[in-house]
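Throughout, my numbering is defined as the position within the sequence shown, counted from one, plus 508.
Below is one structure, written out as structure tokens; comments come after it.
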Amino acid sequence: DSWAIKQLFPVMPIHQLDSRPTRHAVLSDITCESDGKIDQFIDRRDVRRTIMLHEYDGSPYYLGVFLIGAYQEILGDLHNLFGDTNAVHVDLSPSGEVVLDTIIKGETVSEVLDYVQFRGRDLINRLQASVEVAVRENRIDHNMAGQFVKFYEEALNGYTYLEEPDGE
């Protein structure tokens with residue numbers, strides 16, 4: 509909708525709010541449902557061709573995209589087998605304080621695959637059978653087999669979007 513009907517969605521950094529952004533930017537992507545780029549941003553009085561962001565220092569930098577609807581959410585998640593994203597409902601208390609009203613956990617890889625009739629337990633069983641053959645044929649050892657199955661199980665039970673490795 510950003511490109512097709514020129515719908516404007518509020519976009520802004522959701523951290524470093526105590527410092528003024530100094531860099532002009534546009535947002536681009538290369539996904540199959542890509543708008544290609546977002547280069548129109550809501551400003552106080554006008555529509556801007558860039559969004560102001562903070563200087564990148566190598567650490568994660570998060571933006572909020574607000575007021576997207578069910579249609580955009582469906583195109584971005586299950587349509588591409590990404591699943592629902594983590595979401596939070598934010599409200600203001602009567603005194604003006606920000607309240608995190610509801611936190612909704614996104615879907616796991618296994619949950620998304622279940623929609624298209626792939627059962628996580630079946631996939632793990634098939635992998636274990638293949639790994640056992642590889643051990644019998646001395647292509648991998650028992651330790652490597654265990655690590656491989658553990659990695660696969662963790663991936664199936666993990667989030668469908670990129671995550672930071674544990675401990676980082």
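The C-beta atom is built at its ideal place from N, Cα and C for all residues, glycine as well.
Being a predicted model, the structure only gives us computed values, none of them experimental.
Note that the C-beta distance between glycine 614 and tyrosine 669 is below 8 Å. Glutamate 619 has its alpha-carbon roughly 35 Å from the corresponding atom of glutamate 605. Just measuring C-alpha positions, the residue of Leu575, Ser567, Phe626, Arg629 sitting nearest valine 598 is Leu575. Per DSSP, leucine 621 lies in no beta strand (DSSP E) segment; the continuous alpha helix (DSSP H) that holds it begins and ends at 617-623. Within the same chain, Leu635 come within 6 Å of tyrosine 660 by CB-CB distance, once the 5 residues on both sides are set aside.
At a Cβ-Cβ threshold of 8 Å, valine 617 and leucine 664 count as neighbours.
Around the beta carbon of phenylalanine 626, a 10 Å sphere encloses fewer than 16 other beta carbons of the protein chains shown; the residue is thus reported as exposed.
In the same chain as leucine 589, and ignoring 5 residues on each side of it, the C-beta atoms closer than 6 Å to its own belong to Val620, in chain order. Pairing isoleucine 559 with leucine 516 gives a Cβ-Cβ distance that is not under 8 Å. By the Cβ-count criterion, valine 555 is exposed, with fewer than 16 other Cβ atoms from all chains shown falling within 10 Å of its own Cβ.
About 11 Å separates the beta carbons of valine 657 and histidine 650, which is beyond the 8 Å limit, so they are not a contact pair. Counting along the chain, valine 573 sits inside the beta strand (DSSP E) bounded by residues 571-573. Boundaries of the alpha helix (DSSP H) around histidine 650: 650-665.
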